[in-house]
Amino acid sequence: LKAIASNSALIAGFSMVVMVEIAIPDDLHPALLVVFGCTTAGVVSLMLIAMLNATFMLVAILRYDCVVRDVAFHDFWRKRCDSDWRLALRCFAYGVPLFMAVLAQIGWVIFWTHDTARNYASTLVTLIAFCTIVLWFAHTERKWSEFLLSADAKLRNPHAGVVVVQQQQRHHAPSSSSMTKTSKHSAQIQHPSSTIRSTMSSNAFVPPLNGTTPTPPTTTPAIRETTFLNGVDVTTEE
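For the sequence shown, this note's numbering gives the first residue as 58, with consecutive numbering after it.
What follows is the structure, given as structure tokens:
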């Protein structure tokens, strides 16, 4: 709304200055003079309507209570602002090519007294203005007019849900580097225990794991028992 209000006032001011300050030749063709005057007045009128409607909508929106919200802003916009917004945007969209038509006529008005290069210079100015009008209707107005005039037009990202799911999966899934570190750590933990089991099964010396003083394996001395059976010495060892 602010952009439409400011740009409309700017274009209307330019058109008014052109009408007042331009030097119109005395022998200018009457048809060209009438068309030039009507076109310039049409630009000023359309841009003033767009500017006034956009300004009044801005004032109404500033009076809207954003804290209490007795009426939803969507309903407020539909009931109070939607029709004025359409009118302001259409006036601005039609005023821009009409302003370029004024530019096309200015070349003929200014160069009217130059007999030698009048036709060439005026034709080039008119051609440039005509190309701008065609570009405006073929691309800019065709692309944005329907979208801006629609009250239910919204920007949506169809891949938003897919991106969120992928980010969650990446967040919860373990990375390959962490899995590699975990497997190496488990291998380092399992390796000493297997060594301990193998050395304990062979009753060999077990190296310390935590840097404590090694203790040699202890051997249990054999128990010698001597008994006499019918006067015969019988010795057993355990």
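Ideal placement from N, C-alpha and C gives every residue a C-beta, glycine not left out.
Item	Value
Compare the C-beta of Glu203 with all C-beta atoms of chain B and state if any pair is closer than 8 angstroms.	The chain labelled as chain B is not found in the depicted structure, where only one protein chain is given.
When we look at the beta-carbon of Trp142 and count the other beta-carbons within 10 Å, is it buried (16 or more) or exposed?	buried
From Leu206, Met114, Gly152 and Val92, pick the residue whose C-alpha is nearest to that of Ile190; which is it?	Gly152
Determine the DSSP secondary structure at Ala8, reduced to helix, strand or coil.	A question about residue 8 goes unanswered here, because the residues of the chain that appear run from 58 up to 295.
Using the Cβ count rule (16 or more neighbours within 10 Å means buried), how would you classify Trp165?	buried
By the 10 Å Cβ neighbour count, where 16 or more other Cβ atoms means buried, how is Val77 classified, buried or exposed?	exposed
Leaving out five residues before and five after Ala161 in sequence, what residues of the same chain have Cβ atoms less than 7 angstroms from its Cβ?	Val182, Thr183, Ala186 and Phe187
Contact between the stretch 123–133 and the stretch 90–98 is defined here as three or more beta-carbon pairs at a separation below 8 angstroms; is this criterion met?	no
Round the Cβ separation of Leu58 and Leu115 to the nearest angstrom and send it over; I've been treating them as touching at under 8 angstroms.	5 angstroms
Among the residues of its own chain, which have a CB less than 8 angstroms from the CB of Ala178, if the five just before and after it don't count?	Gly164, Phe168 and His171
Would DSSP call Ser102 helix, strand or coil?	helix
In angstroms, rounded to a whole number, what distance separates the CA positions of Val220 and Leu155?	No answer about Val220 holds up, because its pLDDT of 46 lies below 50 and its placement is not dependable.
Are the CB atoms of Ala69 and Met108 within a distance shorter than 8 angstroms?	yes
So, is Ile253 buried or exposed, given that buried needs 16 or more other C-beta atoms within 10 angstroms?	Confidence in Ile253 is poor, its pLDDT being 37 and thus under 50, which makes the residue's placement unreliable; the coordinate value appears in the next sentence. Label assigned to Ile253: exposed.
Rank Ala195, Ala150 and Ser202 by C-alpha distance to the C-alpha of Leu105 and give the top, closest one.	Ala150
How big is the Cα-Cα spacing for Gly99 and Val75?	13 angstroms
What is the residue span of the alpha helix (DSSP H) that Pro154 lies within?	Asp139 to Ile167
Report the CB separation of Ala62 from Ala111 in whole angstroms; it is logged as a contact under 8 angstroms.	4 angstroms
Which whole runs of the alpha helix (DSSP H) in the stretch 173–203 are 4 residues long or more, in chain order?	175–192
Considering only the beta carbon of each residue, do Leu67 and Ile81 sit closer than 8 angstroms?	no
Could you please give the first and the last residue of the uninterrupted alpha helix (DSSP H) stretch that includes Val77?	Lys59 to Glu78
Whole angstroms is fine: what's the gap from Ala305's alpha carbon to Leu119's?	A query on residue 305 cannot be resolved here, the shown segment of the chain reaching from 58 to 295 and no further.
Consult DSSP for Pro87 and reduce its assignment to one of helix, strand or coil.	helix
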